[in-house]
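Notes follow the structure.
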Amino acid sequence: MSKSKCSNSSCSRTEERQTTADTLISEGEERFFQSLHDFIEHEKRYLKCPEEGPDELRYITYRSVFNQVITRSTAYKRLLLTIKSEYDDTIRELKTREEEARTTKRSLTSLTLHPKSMITCQKRAAQLRDRISGFHRQTAELQEEIKRQRSLKEQRTWIPGLTVAESEHAEALDRHLKHLQAQRAALLDRKSHSVFLEVKAELDTKLQAAEQLRGLLRAENDHLKVLYKRLRFVCGCLSIWEEQGRQVPLEGLLGSTLENIKQASEEEGEGFPAVKDDNGSSINAELFEDEEPSGVDESKFLTEYLHRFIELFDLAQYEEAALLAARSPRGVMRSINTMDMFKGVMGPPGSVPPLLFFSQALLITAPAGDELSAPLSLQVVRCALQHGASQLLTHAVTQNKLTFSEELGDILTEHAQKNPSVADVYLALATTIYETCGLSKKTALSMCRRGLIHSAAEFMNHCKDLTAEDCLWILRHSWSLTLLQLLTKPQQGRAAMLSPGVVCSHLLADPQQQELALQLLNSFISKGRENLEEVMLEDCRSSVDTWTNVASLCSELNQSDLSRAILSILLDQSGTRVLSPDLEGARLMEHVFL
17 MSKSKCSNSS
27 CSRTEERQTT
37 ADTLISEGEE
47 RFFQSLHDFI
57 EHEKRYLKCP
67 EEGPDELRYI
77 TYRSVFNQVI
87 TRSTAYKRLL
97 LTIKSEYDDT
107 IRELKTREEE
117 ARTTKRSLTS
127 LTLHPKSMIT
137 CQKRAAQLRD
147 RISGFHRQTA
157 ELQEEIKRQR
167 SLKEQRTWIP
177 GLTVAESEHA
187 EALDRHLKHL
197 QAQRAALLDR
207 KSHSVFLEVK
217 AELDTKLQAA
227 EQLRGLLRAE
237 NDHLKVLYKR
247 LRFVCGCLSI
257 WEEQGRQVPL
267 EGLLGSTLEN
277 IKQASEEEGE
287 GFPAVKDDNG
297 SSINAELFED
307 EEPSGVDESK
317 FLTEYLHRFI
327 ELFDLAQYEE
337 AALLAARSPR
347 GVMRSINTMD
357 MFKGVMGPPG
367 SVPPLLFFSQ
377 ALLITAPAGD
387 ELSAPLSLQV
397 VRCALQHGAS
407 QLLTHAVTQN
417 KLTFSEELGD
427 ILTEHAQKNP
437 SVADVYLALA
447 TTIYETCGLS
457 KKTALSMCRR
467 GLIHSAAEFM
477 NHCKDLTAED
487 CLWILRHSWS
497 LTLLQLLTKP
507 QQGRAAMLSP
517 GVVCSHLLAD
527 PQQQELALQL
537 LNSFISKGRE
547 NLEEVMLEDC
557 RSSVDTWTNV
567 ASLCSELNQS
577 DLSRAILSIL
587 LDQSGTRVLS
597 PDLEGARLME
607 HVFL
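Residue numbering for the sequence shown follows the numbering used here, beginning at 17 and increasing consecutively.
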């Protein structure tokens, strides 16, 4: 009975609890929990979370759901937050342990692989040692082979000029023997034409003694010729005296004859040189006409001179040979052919080149005003420039020892442009040459390149053969605002050498010269609009179209201020008026703008 009561009471309590629970969960909460359950299932399917095992995405999903439950609850919110915090700490601790486990696993793997890598390196080192040992063995074998080949080569006796096969061929050996015999005969023949240095020195001494004796004999011969001519002249006078019947005393005849000879030889008006003997007596040079050296004697003398030159040249005594050639009679060796001979040889290392010896000898031995030929002048200048002999060139140009030409000036100018350190010296020499040749525009250009802008402008203003095109050519080759300003400025009542309008129009049309033209226009307008207006009105060689073209070109170059200034000045002018009081006549300028 009691058991039945108890059972009944327990059943009633269970039903009561179930009823209470059903009563506590409302329909809204049930929908909320159902939506959470659906959200969890949807996220796991969408994120493809694994069914078992830890997963970061599943943890994020449950944490989000837990946050929603905490947000919705009120009474158990603090408890739920505590549970969530412990849950997060647990998850964090699990992650830390998992990371430590991975680190430990990697360390263990690396420790496991280290012995393997050591073993691999040891095997590789052993292999390399074996290869090195093999290389050493091969090197030793090659060295032994080289020694063996060298010893074999030293033991053999090869015939120079023959191959191995030819050395074993009888006909080839016979041909080589004949060739060697021919060479021996040629050497012996050459030796027969040569002498030892001691013999040559002895022969030179004898030659000098013979030359001195020849000089003494020549002087004595000249003295005897003078005496002979005097006696023959006196004898002729005596013969005439006898034919005329001896009308005057003999003493008077001889005295008057000698006096006449002396006076005739000393007369300056006749232009006859006097020949004097040791006693001071003189006789007219016309008396020697029958005894002048013949062409055969002259050719013999030149032949000996040439032989002496060739001898010095073959002995490599180039300085003495150069002086001998430069002082040759009638300048027969002052030629391009002789220069080619010196050009084709080389002196000892560190010595002066033979060609420079000859060039120096030509310029030093030539008297002032005695010009070398044009081709020889060019070659001498090129040689001097090549070896930096600026003083030699300065001496040659100032003493007029070269034939001046445009090509010669161009060579000096080109060298000056390539060598700025000596540019001023060579440009000055080029200026002298151009001026002597009458090349005015190149003279002015050289002066500009030397920086003598004002001197160049003055030279151009006084040079009558320079045209406006020549001035523009100079400006293109020597870009200078100062020169352009001087050339476009009127000089003491005369019109400017260049028309500002025309020159600006030409320069603006050239892309490389546009900046120079703009600088000129800016220099005009920088002094005020009135200065630009004065320049335009005094420009007696530019028309309205010219200045209009200048304004148009300025506008195209984005120089609108200059363009407007020029156009405004043109528009301000009306009718006609006298623009310039220059000596060539006033010019009327018409400005018509519709």
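Glycine included, each C-beta is placed from N, C-alpha and C at the ideal position. Only a predicted model underlies this, so the values are computations on that prediction, with no experimental measurement involved.
- DSSP, read as helix, strand or coil, puts Q50 in helix.
- The beta-carbon separation of I490 and K457, rounded to 6 angstroms, stays under the 8 angstroms limit for a contact.
- A distance of 8 angstroms or more separates the beta carbons of C399 and F420.
- Under DSSP, the beta-bridge partners assigned to Q507 are R510.
- In this structure, S375 lies away from V361, with their beta-carbon atoms at least 8 angstroms apart.
- Here the stretch 48-57 makes contact with the stretch 69-81; the two share three or more CB pairs at distances below 8 angstroms.
- In the three-state reduction of the DSSP assignment, H185 falls in the coil class.
- Here V519 is buried. Its C-beta has 16 or more other C-beta atoms within 10 Å.
- The C-beta separation of A473 from L503 comes to about 6 angstroms, placing the pair in contact by the 8 angstroms criterion.
- Taking the C-beta atoms as reference points, F329 is found no nearer than 8 angstroms to A342.
- Residue state for V413 is assigned as helix, using DSSP reduced to three classes.
- Short of 7 angstroms from the beta carbon of S89, and not among the five residues preceding or following it, lie these beta carbons of its own chain, in chain order: L96.
- Here Y92 carries a coil assignment [DSSP, helix/strand/coil].
- For the 8 angstroms CB-CB criterion, L499 and C464 form a contact.
- In this structure F212 is exposed. Its beta-carbon is surrounded by fewer than 16 other beta-carbon atoms within 10 angstroms.
- A Cβ-Cβ contact shorter than 8 angstroms links V438 with S406.
- L443 is positioned such that its CB atom lies closer than 8 angstroms to that of T429.
- If the five residues before and after A382 are omitted, its C-beta is found closer than 6 angstroms to the C-beta atoms of K417, all from its own chain and listed in chain order.
- Put simply, the backbone Cα of K100 is about 7 angstroms away from that of F82.
- Given a length threshold of 4 residues, each whole run of the alpha helix (DSSP H) inside the stretch 57-123 is given here in chain order: 72-88.
- DSSP, reduced to helix, strand and coil, places K543 outside both helices and strands of the structure shown, so it counts as coil.
- In the three-state reduction of the DSSP assignment, W489 falls in the helix class.
- Spatial neighbours of W257 in its own chain (CB-CB distance under 6 angstroms, excluding positions within 5 residues in sequence) are listed in chain order as L269.
- Counting every other CB atom within 10 Å of its CB across the protein chains shown gives S521 a total of 16 or more, marking it as buried.
- When the beta-carbon positions are compared, L536 and W563 stay at least 8 angstroms from each other.
- By the Cβ neighbour-count rule, C251 is exposed, with fewer than 16 other Cβ atoms within 10 Å of its own.
- Between V566 and I541, the gap from beta carbon to beta carbon reaches 8 angstroms or more.
- Cβ contact annotation for L401 (same chain, cutoff 6 angstroms, sequence separation greater than five): H431, in chain order.
- In the structure shown, the three-state DSSP call for W495 is coil.
- Excluding sequence positions up to five before and after G363, its CB lies within less than 7 angstroms of the CB of Y334, P369 and P370, all in the same chain and listed in chain order.
- Our two residues, A332 and L372, have alpha carbons roughly 14 angstroms apart in a direct line.
- A residue is called buried once 16 or more other Cβ atoms fall within 10 Å of its Cβ, and C556 is buried on that count.
- Using a Cβ distance threshold of 8 angstroms, A533 and L548 do not count as a contacting pair.
- Each of L482, R510 and P516 was checked against the Cα of L497, and the nearest Cα belongs to P516.
- Judged by DSSP secondary structure, F358 falls within the alpha helix (DSSP H) whose first and last residues are I352 to K359.
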